[in-house]
Each structure stands twice: as structure tokens, then as C-alpha cells.
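Colleague: Protein chains in written order, with our numbering: chain Z, 99 to 362; chain Y, 121 to 345. Glycine included, each C-beta is placed from N, C-alpha and C at the ideal position. Here it is, the structure, as C-alpha cells.
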Amino acid sequence: MAILEVENLRKNFDKLEVLKGISFSLEKGEALSIIGSSGSGKTTLLRCMNFLEMPTSGRITVNTDAGAHVLFDGSRAKALTEAEIRKNRLHFGLVFQSFNLFPQYTALENVTLAPRLQAKTREDYKANSKAILKEINEHGLALLAQMGLADRADYHPHQLSGGQQQRVAIARALALEPDILCFDEPTSALDPELTGEVLKVIRGLAEKKTTMIIVTHEMGFAHDVSDNVIFMDGGVIVEQGPPSQVLENPREERTRQFLRGYGG
Amino acid sequence: MFEQQFPIVFHSLNVGFLQTLKLFAVTLIGALPLGLIISFGSMSRFKPLSALTRTFVWIIRGTPLMLQLIIIYYGPGLLGNNWWGGGETGRFLASAIAFVINYACYFSEIYRGGIQGVPQGQREAGEVLGLTKAQIFFRVTLLQMIKRIVPPMSNEIITLVKDTSLARIISLQEIIWAGQSFLKGSQGISGIIWPLFFTGLYYLAFSGLLTILLARLEKKLDYFH
Ligand SMILES: Nc1ncnc2c1ncn2[C@@H]1O[C@H](COP(=O)(O)OP(=O)(O)OP(=O)(O)O)[C@@H](O)[C@H]1O
Ligand SMILES: [Mg+2]
Chain Z
99 MAILEVENLR KNFDKLEVLK GISFSLEKGE ALSIIGSSGS GKTTLLRCMN FLEMPTSGRI
159 TVNTDAGAHV LFDGSRAKAL TEAEIRKNRL HFGLVFQSFN LFPQYTALEN VTLAPRLQAK
219 TREDYKANSK AILKEINEHG LALLAQMGLA DRADYHPHQL SGGQQQRVAI ARALALEPDI
279 LCFDEPTSAL DPELTGEVLK VIRGLAEKKT TMIIVTHEMG FAHDVSDNVI FMDGGVIVEQ
339 GPPSQVLENP REERTRQFLR GYGG
Chain Y
121 MFEQQFPIVF HSLNVGFLQT LKLFAVTLIG ALPLGLIISF GSMSRFKPLS ALTRTFVWII
181 RGTPLMLQLI IIYYGPGLLG NNWWGGGETG RFLASAIAFV INYACYFSEI YRGGIQGVPQ
241 GQREAGEVLG LTKAQIFFRV TLLQMIKRIV PPMSNEIITL VKDTSLARII SLQEIIWAGQ
301 SFLKGSQGIS GIIWPLFFTG LYYLAFSGLL TILLARLEKK LDYFH
């Protein structure tokens, strides 16, 4: 069963309908890229899945080993409580275009902040706090090492390059072991010479079968790394399929037009 | 001559300076929290409240503190109320109220800048990590706000040191008043102006000390940008 099912998702900002019925599913271990022109609703879609925006209608279901969780169902009358929203969010991680690292914390502290706060709610925390915190720290260090930042654990964000900051942000998102990791144009805020190191890290995650949704303008990267590609335009999915279809032999004229802008 | 005058003048100036310090301290103690409340009012999503608060802040910041002192001190008398009495206690109370309101309005703008200056992305990053609203405030945004608030707040605090002298206009017996009294005649001394000049040293010493302390605080927050 698909790990994520999004059905007929809609989002309005007042009268403006930004998502006009988005449906797709994602298998465990799949890397899905979302491409589309500016304003097509890609960011809004990711923000809805992370509950930074509340969808107007539709359904979001996550299927894990623990069972099916309907995170959002627009046909239900009752609004989600804050606690429910927080629980929903833990299924997803989000890496922002602008990193949004916490400036007052070191790289390692950025990565371990949320796990440390979460551990405090564990029943055995009082008795084992030392061991638990040690484990969280080691996990954080291992993640930074995986990002190629083993020697930067104690640096503050302003002491790191943009590419390094974004890799810390990826480690921070991974630290909570989300079912699905979302990226919103992870390299768009970077100088061209720094995009490579971030893309390499994401490629590594794809090789390890991390379930991912990547909004990107890097067509070559999307082609190499994704199992499936979605092309969005004007708040709808125009075309979806494997990269060999969507990026190489698009069926839709709108997709072709869009790709022409990238010299494809 | 000078040797006999100096101890008398010195003592008077010390007494005056104590009143200056008292006004300074009471203003800070009152205006720091009141300013925060006013800033919440001005940021309120309830339009009438934010409009009202901002209008009030605009009026207070747009008129001289000296005028506000005069209105608060003499206003009630014009209406037939002798609220403040004739004594130093009444003058101090009126000064304290005028200063607290005035400085709270300036502080509220600093708080607002500090709070709104933290990028929305910081809160959102906390949210997607499953942090609660309280955790986001205390663990993510609070220190960033403080860092933004400290430098402009330091400026205002240094300004306040000197602004306390405005209370002279309603004859509060602060240090300028004390220095001036020897010009007109007090304790058998009259017609000397140096005590008034001498008050400058008190202000310099105190604002110098504050500058050092506040710079230290700023430096403490220098480890992040
Ligand atoms: N909070 C909001 N309020 C009102 N309109 C919004 C809001 N957020 C986004 N929009 C509008 O929704 C539309 C889709 O925006 P979105 O950011 O999702 O596009 P995008 O595909 O991510 O574009 P880009 O490639 O430029 O990042 C745009 O027209 C935008 O102006
Ligand atoms: Mg976007």
C-alpha cells in the first residue's frame, strides 16, 4: 500500500484557488519530484502536507507499519486540534528553500533540539535522561557525518556556507525520522557552485531509499534521482509518471512548453 | 570660599542625584513591562484595539515629554482636583507617571520591531519539527527577539538618564534643580553657577557606566547573527 495518498486536495486563499484538486500517491522508498512554473502551487502543496497551511478540502492519508492514519479529511466537520496537527506533522519533514536554521544554536543543537524536546515526554525520561540524551547526540552527530559535516557540529549557522547550512537543515529534518521528507527548492537560494554538494546529499538519500518529495527546478537532477515526476500548472497536476515519460517524452503540450524553457 | 561651599554643594547634588536615580529606576521598572503590553495591543489582530493603541503611541511620541509632564502635573488642578498636593511626593508621582507612559510607548515600538523582526520561517521551522507554541517561543524566537531589542533599548535607556532632567519643569528636586538652587540662593550660598556645570559629571559617570554594562550584554549575544 502506498505510504502517502493525497486525494482531491484543494486550497483557497480567500477567493483565490491555488490547489484545484490534487491527487497522487507515493510508495515507500520512492523519490517523487514536483516541477512546474512559478505560482503553480508547488510550495502550497508541500505546506499543506506539513500543515503550515490548512487544506480547504480533500484527504491526506499516511499508511505506516502501525496502520493507516487519515491526517486530514475535509469532509469531517471538526477542525483539527493543535495537538493533532503536531502529531500529523511528525509524519513529514520539510527542508525549506531558505534553510531556516536556528541561529542561536550550533549545527548539532539544531539537529537535536526537537528530539531532545520530544524525549522529555517519554515515560522513562526521568530515569534515563542521561542515556537518552547521549543517544540523541550520537544520532545527531551520525546524521551530520552522513551530510559530510562531522567537523562542523559545533559551528553556528552564520559560520557555515549556504550549502553547509542546507545540509544541516536536512540532518535536522531527518533527526525525527519522518515517513516522508519534503524539499522545497533546496538549492534555489544557493550560489551555483554550492548546489552540487546539496544535490549529492539528496542523491545519497535516494540511494538509501528515503521516501522523498522534492520540489525542484533542477531538471537534470529530477531526472536522475526520481522514480516519478509530477508536472503542475495552475494548481492542477498536468502530467505524472516516470522521468522517462514526463521529462523525456511528455504527453501533454503544456509540459512540453514548460520544458522548452529549460532547453529540454 | 570654595572649600566651604564644596561640601554643602556636594551634599545637595547627591540628594538631587538620588531623586534622578529614583525617577530613572521607577521609569524602567514601570515602562519595560507596560511597553510590552502596549506592543501586544498595537500588534493585535483586533483592529479597533490596534488602531487605538497605535494612535495613543503616535500622540505620546509626537509630543514633547516636557509638555506631557506639564499636562499631567497641572491638568488636574485646572479641573479643580488637587491630586498631587504641593509636595515633592506629588511631583515625583506625577513625573513617574508621565515618564512611564512616555517611555512605555517608545519601548513598545522597540518590542514590536524585535518581535516582528524574527523571520516567519523561524516559527515555521519549529512548527514542522513538531514543537509546541510555547517551545517555539522560549526555545526559538525569544533569544532572537532579545538580540534585536537590546541595541535600540540601550539607546533609549541612555537617553532616559538625561531626560529625567525634564522633570525640573515641574520643580522635581532632581540634580539640575539642586544645582540651580545655588544660583538663586540656597543654604546661604547664591550667585554661583559652577554647581550646575558640575551636575554634568554625574550624568557622564552614570551614562558611562550604563553604556559599559549594556555593551557587555550586547557582546554576550554576539555569538550568533
Ligand atoms: N499565504 C498566501 N496568501 C495568498 N496567496 C498565496 C499565499 N501563499 C501563496 N499564495 C499564492 O498561491 C499561488 C501559488 O503559490 P506557491 O508559492 O505555492 O507557488 P510555487 O509553485 O511554489 O511557485 P515558485 O516556483 O515561485 O516557488 C501564487 O499565486 C501565490 O501568490
Ligand atoms: Mg515555491
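1. At a cut-off of 8 angstroms, is Gln195/Z close to ligand 2 when judged by its beta-carbon and the heavy atoms of the ligand?
2. Mapping the DSSP letters down to three states, classify Gly308/Y as helix, strand or coil.
3. Which residues neighbour ligand 1 when neighbourhood means a C-beta less than 5 angstroms away from any of its non-hydrogen atoms? List them by chain order.
4. At which residues does the alpha helix (DSSP H) containing Ser215/Y begin and terminate?
5. With 9 angstroms as the threshold, decide whether the Cβ of Lys339/Y is near any Cβ in chain Z.
6. Kindly indicate which three-state DSSP category His131/Y falls into: helix, strand or coil?
7. Which value, in whole angstroms, describes the spacing of the CA atoms of Phe126/Y and Thr319/Y?
8. Work out the CA separation of Leu188/Z and Thr347/Y for me, nearest whole Å.
9. Please determine, among Glu276/Y, Arg336/Y, Lys267/Y, Gln293/Y, the residue with the shortest C-alpha to C-alpha distance to Val135/Y.
10. Measure from the alpha carbon of Glu236/Z to the alpha carbon of each residue in Leu206/Z, His256/Z, Leu258/Z, then state which is nearest.
11. Hey, Gly156/Z and Asn106/Z: beta-carbon distance below 9 angstroms or not?
12. Below 9 angstroms between beta carbons: does that hold for Thr308/Z and Ala129/Z?
13. In terms of residues, what are the limits of the alpha helix (DSSP H) holding Asp283/Y?
14. Are there any heavy atoms of ligand 2 lying less than 8 angstroms away from the beta-carbon of Asp331/Z, as far as the coordinates show?
15. Identify the contact partners of His345/Y in chain A, using a Cβ-Cβ distance below 7 angstroms as the criterion.
16. I'd like to confirm something about Val248/Y: is its beta-carbon nearer than 8 angstroms to some heavy atom of ligand 2, or not?
17. Does Lys340/Y come out as helix, strand or coil in the three-state DSSP assignment?
18. Which same chain residues end up closer than 8 angstroms to Ile277/Y when comparing Cβ atoms and leaving out the 5 residues on each side of it in sequence?
19. Around the C-beta of His345/Y, are 16 or more other C-beta atoms found within 10 angstroms, so that it is buried, or is it exposed?
20. For chain Y, find out if any of its Cβ atoms is closer than 9 angstroms to the Cβ of Ala212/Z; answer yes or no.
21. Kindly indicate if chain Y contains any beta-carbon less than 9 angstroms away from that of Asn106/Z.
22. What are the residues of the stretch 249 to 266 of chain Y that lie near chain Z, defined by any Cβ-Cβ distance shorter than 8 angstroms?
23. I'd like the ranges of any beta strand (DSSP E) spanning at least 3 consecutive residues and lying wholly in the stretch 109 to 153 of chain Z.
24. Sorted by chain position, which residues of the same chain lie with C-beta nearer than 7 angstroms to Leu199/Z's C-beta, five sequence neighbours on each side aside?
25. For a test of the three-state rule: what should DSSP assign to His345/Y, helix, strand or coil?
26. Does the stretch 174 to 192 of chain Y come into contact with the stretch 345 to 360 of chain Z, if we say contact requires no fewer than three beta-carbon pairs (one atom in each stretch) closer than 8 angstroms?
27. Roughly how many angstroms separate the alpha carbons of Ile180/Y and Ile221/Y, rounded to a whole number?
28. Evaluate contact between the stretch 264 to 281 of chain Y and the stretch 229 to 244 of chain Y, counting only Cβ atoms and requiring at least three cross-stretch pairs below 8 angstroms.
29. Can you tell me where the alpha helix (DSSP H) holding Leu303/Z begins and where it ends?
30. Comparing the CB of Asp163/Z with every heavy atom of ligand 2, is any distance shorter than 8 angstroms?
31. Just reading off the alpha helix (DSSP H) that Ile256/Y is part of, what are its end residues?
32. Please name the residue, chosen from Glu350/Z, Thr159/Z, Arg145/Z, that lies closest to Pro153/Z on a Cα-to-Cα basis.
33. For Val260/Y, which residues in the same chain have their Cβ closer than 6 angstroms to its Cβ, ignoring the five residues on either side in sequence?
34. Taking the CB atoms as reference points, tell me whether Ser215/Y and Ala298/Y lie closer together than 9 angstroms.
35. Please give the ranges of any beta strand (DSSP E) in the stretch 320 to 348 of chain Z, keeping only runs that are unbroken, at least 3 residues long and fully inside the region.
36. Tell whether a beta-carbon distance below 9 angstroms holds between Asp325/Z and Pro340/Z.
Modeller: Put simply:
1. Gln195/Z Cβ: within cutoff of ligand 2.
2. coil
3. Qualifying residues, in the order they occur: Phe111/Z, Val116/Z, Ser136/Z, Gly137/Z, Ser138/Z, Gly139/Z, Lys140/Z, Thr141/Z, Thr142/Z.
4. 208 to 237
5. no
6. Three-state DSSP puts His131/Y in a helix.
7. 13 angstroms
8. The structure shown does not extend to residue 347/Y, since chain Y is modelled only from 121 through 345, so no value can be given for it.
9. Measuring from the Cα of Val135/Y, the nearest candidate turns out to be Gln293/Y.
10. Leu206/Z
11. yes
12. yes
13. 262 to 283
14. no
15. Looking at the structure shown, chain A is missing, and the protein chains on hand are Z and Y.
16. No - ligand 2 has no heavy atom lying nearer than 8 angstroms to the Cβ of Val248/Y.
17. helix
18. Leu148, Leu330, Leu334
19. exposed
20. yes
21. no
22. From the stretch 249 to 266 of chain Y, only Leu249, Gly250, Leu251, Thr252, Lys253, Gln255, Arg259, Val260, Leu263, Gln264 have a Cβ closer than 8 angstroms to chain Z.
23. 114 to 124, 129 to 134
24. Asn208, Pro255, Gln263, Val266, Ala267
25. It is coil, neither helix nor strand.
26. no
27. 8 angstroms
28. yes
29. 290 to 305
30. no
31. Ile256/Y -> no alpha helix (DSSP H), and no H or E assigned at all.
32. Arg145/Z
33. Gln242, Gly246
34. no
35. 326 to 331, 334 to 339
36. yes
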